[in-house]
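Note sheet for the following structure.
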Amino acid sequence: MAHQVRAVVARGKGAPVSLETIVVPDPGPGEALVKVEACGVCHTDLHYREGGINDDFPFLLGHEAAGVVESVGEGVTDVAPGDFVILNWRAVCGQCRACLRGRPWYCFDTHNARQKMTLADGTELSPALGIGAFAEKTLVAAGQCTKVDRAASAAVAGLLGCGVMAGIGAAINTGNVGRGDSVAVIGCGGVGAAAVVGSHLAGAAKIIAVDIDGHKLETAAKLGATHTVNSRETDPVEAIRELTGGFGADVVIEAVGRPETYKQAFYARDLAGTVVLVGVPTPEMKLELPLLDVFGRGGALKSSWYGDCLPSRDFPMLIDLHLQGRLDLDAFVTETIALDEVEKAFERMHHGDVLRSVVVL
Ligand SMILES: NC(=O)c1ccc[n+]([C@@H]2O[C@H](COP(=O)([O-])OP(=O)(O)OC[C@H]3O[C@@H](n4cnc5c(N)ncnc54)[C@H](O)[C@@H]3O)[C@@H](O)[C@H]2O)c1
Ligand SMILES: [Zn+2]
Ligand SMILES: [Zn+2]
83 MAHQVRAVVA
93 RGKGAPVSLE
103 TIVVPDPGPG
113 EALVKVEACG
123 VCHTDLHYRE
133 GGINDDFPFL
143 LGHEAAGVVE
153 SVGEGVTDVA
163 PGDFVILNWR
173 AVCGQCRACL
183 RGRPWYCFDT
193 HNARQKMTLA
203 DGTELSPALG
213 IGAFAEKTLV
223 AAGQCTKVDR
233 AASAAVAGLL
243 GCGVMAGIGA
253 AINTGNVGRG
263 DSVAVIGCGG
273 VGAAAVVGSH
283 LAGAAKIIAV
293 DIDGHKLETA
303 AKLGATHTVN
313 SRETDPVEAI
323 RELTGGFGAD
333 VVIEAVGRPE
343 TYKQAFYARD
353 LAGTVVLVGV
363 PTPEMKLELP
373 LLDVFGRGGA
383 LKSSWYGDCL
393 PSRDFPMLID
403 LHLQGRLDLD
413 AFVTETIALD
423 EVEKAFERMH
433 HGDVLRSVVV
443 L
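Heads up: the sequence shown begins at 83 in the numbering used here, then just goes up one per residue.
Rendered as structure tokens:
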């Protein structure tokens, strides 16, 4: 039996999203049907709508979600109907060369549901990041469901499904931020603010938040940033160096996804430190750096997909820390909205006054 549900679809490049009735099949082998309870609006959804990821329109947007498993297909044993789950966009395969070497967070062959969700006329949808959760129900691979404590609210839990996990993980997993480190975070939207939180959690001594928006900096300060730099007014490289004895930060996390901010990160980092690129660039962007500086300044230039997280390890752990009052995730939910307000949330994202708008169903 197929399910007819309401969902947010991006039909063409740059066109406003629309609320449509879509058809979601019953789960086949290895799949799970999830009743979505909440889904955050991430900048990556906007990248999809603007054609910045690829041209596989129509997209079914939404990928930062939590909900309850409604039914599972043949052979699914890890989750069962009734489980409260966070959806992840990197279900590890267990068999690729990364998984076999014991590094499943790098899995090179992550998977999604095999069956397609469609528009009412049968047109196949491309679910954003293999999820598509601005919808009353969605179909995913069972491995994309990670069971967590039901005591957490869905709006908060869902955020771990993308931006907040990407930011926390960029700091603690990819950047390997540790006790006493100095960290700078360039771009303090949902992802960057989460990198501030992750650095704080890991015991960083100095956390410098950089943004062009004063509101974002105020929030970053509340979440653990020890210093803030408005890079519309101040040269961020100079400011970060000044705040770190003239040297630069041990770890600089770029959470914007632009060549100019990447360059700032590169030059605001101390010798032999680590630059983490978590912001997602668009296909036309190019980076030019003197190769001699890349060599001479040493250290590591890393990119961070999904915070190099392992959902089965990290989601339940972070939810537990949250429930113990040690990880403030509520601060990321600026507003809760209805399914038909996603377009408005994109506009607010441009104005810069939200960390996360979260659709609650
Ligand atoms: N790597 C991953 O796994 C992953 C996961 C989720 C999102 N992302 C990407 O991370 C980036 C941030 O996502 P988000 O949801 O936090 O977006 P957002 O729109 O909430 O935040 C972006 C922030 O960057 C700031 N900014 C813009 N230009 C700037 C500049 N020149 N200097 C300093 N700050 C600037 C904005 O004011 C805003 O606060 C996006 O590129 C998104 O696609 C990556
Ligand atoms: Zn794998
Ligand atoms: Zn996202």
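Here a beta-carbon is modelled for each residue, glycine too, at the ideal position from N, C-alpha and C.
In this structure, how does DSSP classify residue i when only helix, strand and coil are distinguished?
i	result
R183	coil
K345	helix
I401	helix
S208	strand
R88	strand
S385	strand
D352	strand
S439	strand
K444	Residue 444 is absent from the structure shown; the chain starts at 83 and stops at 443.
L411	coil
V362	coil
T326	coil
D332	strand
I419	strand
T192	coil
E320	helix
V99	coil
L201	strand
V230	coil
V259	coil
V238	helix
V338	coil
Quick check: what's the CA-CA separation for residue i versus residue j?
i	j	result
T220	G133	22 Å
Y451	G112	Residue 451 cannot be examined here, being either before or after the span of the chain that is shown, 83 to 443.
R451	E417	Coverage of the chain is limited to positions 83 through 443, which leaves residue 451 absent and any answer about it impossible.
A286	N258	11 Å
V442	E119	6 Å
A148	G328	44 Å
A202	D412	36 Å
A347	R93	36 Å
A276	M247	7 Å
I168	G225	11 Å
H432	G296	14 Å
D127	H145	8 Å
E156	G110	6 Å
R172	I322	34 Å
D263	A253	11 Å
V99	R131	8 Å
C244	R379	32 Å
I250	T356	15 Å
G214	P107	14 Å
How would you call residue i, buried or exposed, if buried means at least 16 neighbouring beta carbons within 10 angstroms?
i	result
M83	exposed
T316	exposed
D375	exposed
R179	exposed
L372	A small fix is needed here, since residue 372 is Pro in this sequence, not Leu. Exposed, because fewer than 16 other Cβ atoms sit within 10 Å of the Cβ of P372.
K298	buried
L182	exposed
D293	buried
A89	buried
N136	exposed
E218	buried
T310	buried
M199	buried
P163	exposed
T103	exposed
G361	buried
G212	buried
Kindly say whether residue i, judged by its beta-carbon, lies nearer than 8 Å to any beta-carbon of chain C.
i	result
E429	The chain inventory of the structure shown lacks chain C, comprising one protein chain alone.
(request) Enumerate, from N- to C-terminal direction, the unbroken beta strand (DSSP E) stretches of 3 or more residues contained entirely within the region 105-183. (result) For the region 105-183, whole beta strand (DSSP E) runs of length 3 or above, ordered along the chain, are 113-122, 146-154, 166-169.
(message) Which residues neighbour ligand 3 when neighbourhood means a C-beta less than 6 Å away from any of its non-hydrogen atoms? List them by chain order.
(response) After applying the 6 Å Cβ criterion, the set is C124, T126, H145, E146, C244, G245.
(request) May I have a chain-ordered list of the alpha helix (DSSP H) segments no shorter than 4 residues that lie completely inside the region 264-315? (result) DSSP runs (the alpha helix (DSSP H)) wholly in the region 264-315: 272-283, 296-304.
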